[in-house]
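One structure below.
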Amino acid sequence: MTERAAKSNWKTLDAPQQCEPLEYEYVFDDADADRLQLGLIPREMEDKWFVYFENGWVYLHRSWTGFLIYWLRLDGCPDGVRVVESWVNRNSDQYLETDTAYDRMMLDFLLRRMLLGHEVDFPVRSADNPTNTPGVYQHHVVGRAYPEKTVSDGNSNDEPDRG
C-alpha cells in the first residue's frame with residue numbers, strides 16, 4: 003500500500019505572492035482522482051517532486067527546496083474530478099520559467115505520467131536541451147527516465163491532451 007503524502011511529510015514553502023493563473027483544464031476519472039490524492043513522497047535524491055493533496059488542492063513542490071511550483075483545485079463532476087483552478091509560481095527567486103503554455107504541458111506530464119503512470123511524453127523544447135542528449139533535461143526537471151518529446155522550434159503552442 004502506498005503511503006498518503008501530507009504536508010507534514012516534507013519541507014514546504016507557502017505559495018508566493020508572485021503567481022499566475024495556469025488555466026490547466028483536465029477531467030480525471032475517479033480512479034485517477036484517488037491516486038492524485040495519494041500524492042508523492044520522494045524516496046531518493048533523484049525524486050525531485052513532493053506532491054500532496056489537502057482540502058481539495060493538489061500541491062506540487064520541488065523536493066530539494068520546498069518551493070511550491072504548481073497548485074490546482076479539484077472538484078467533482080459527472081465524469082470524475084475536474085481541475086477548476088490552477089496556479090504557477092512566478093517568483094523568479096524560486097522558479098525561472100515564464101512560459102505559461104509550457105508550464106501547462108509540464109504540469110500535465112507531472113500529473114498524468116509521473117503520478118498516474120499514463121503514457122505522456124516529456125515536453126522539452128529544443129532550447130532547453132542544447133546538447134540534444136536524450137534524457138538530460140528531463141532528468142534535471144523530473145529525475146526519472148521517461149520518453150521525451152521536442153516541442154518544435156522552441157515554441158510551446160502544443161497543449162496537453164485534455165482527456
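Residue numbers are given in this note's numbering: position 29 of the sequence shown equals residue 31, and the series is strictly consecutive.
Virtual Cβ for every residue (Gly too), placed ideally from N, Cα, C.
What you are looking at is a predicted structure, and each value in this text was computed from that prediction instead of being measured.
How would you label residue i, buried or exposed, when you count the other beta carbons within 10 angstroms and need 16 or more for buried?
| i | result |
| --- | --- |
| Met108 | buried |
| Gly41 | buried |
| Gln19 | exposed |
| Ser65 | buried |
| Ser88 | buried |
| Val86 | exposed |
| His63 | buried |
| Leu98 | exposed |
| Ala33 | exposed |
| Ala7 | buried |
| Thr4 | exposed |
Between the C-alpha atoms of residue i and residue j, what's the straight-line distance to the nearest angstrom?
| i | j | result |
| --- | --- | --- |
| Leu15 | Asp81 | 33 Å |
| Leu38 | Ala129 | 31 Å |
| Glu22 | Met47 | 29 Å |
| Trp59 | Ile71 | 13 Å |
| Ser10 | Phe69 | 15 Å |
| Glu25 | Asn91 | 13 Å |
| Thr100 | Val53 | 21 Å |
| Arg115 | Gln96 | 24 Å |
| Pro125 | Thr67 | 23 Å |
| Thr102 | Gly119 | 24 Å |
| Ser158 | Lys13 | In this predicted model, Ser158 has a pLDDT of only 44, less than 50, meaning its place in the structure is not dependable enough to derive any value. |
| Phe55 | Arg84 | 14 Å |
What does DSSP give as the partner residue(s) for residue i in the beta ladder?
| i | result |
| --- | --- |
| His63 | Phe52, Leu70 |
| Phe30 | Val83 |
| Met78 | In the sequence as displayed, the identity of residue 78 is Gly instead of Met. The partner list for Gly78 (beta bridge, DSSP) reads Val83. |
| Leu42 | Val53 |
Hey, could you find the ends of the beta strand (DSSP E) residue i is sitting in?
| i | result |
| --- | --- |
| Arg84 | 82-91 |
| Arg127 | 124-127 |
| Glu22 | 21-23 |
To the nearest whole angstrom, what separates the beta carbons of residue i and residue j, a pair I think is in contact under 8 Å?
| i | j | result |
| --- | --- | --- |
| Val122 | Asp105 | Val122 to Asp105, Cβ: 15 Å. No contact. |
| Ala17 | Trp73 | 6 Å |
Which first and last residues belong to the alpha helix (DSSP H) in which residue i is found?
| i | result |
| --- | --- |
| Val143 | 138-143 |
| Leu109 | 102-111 |
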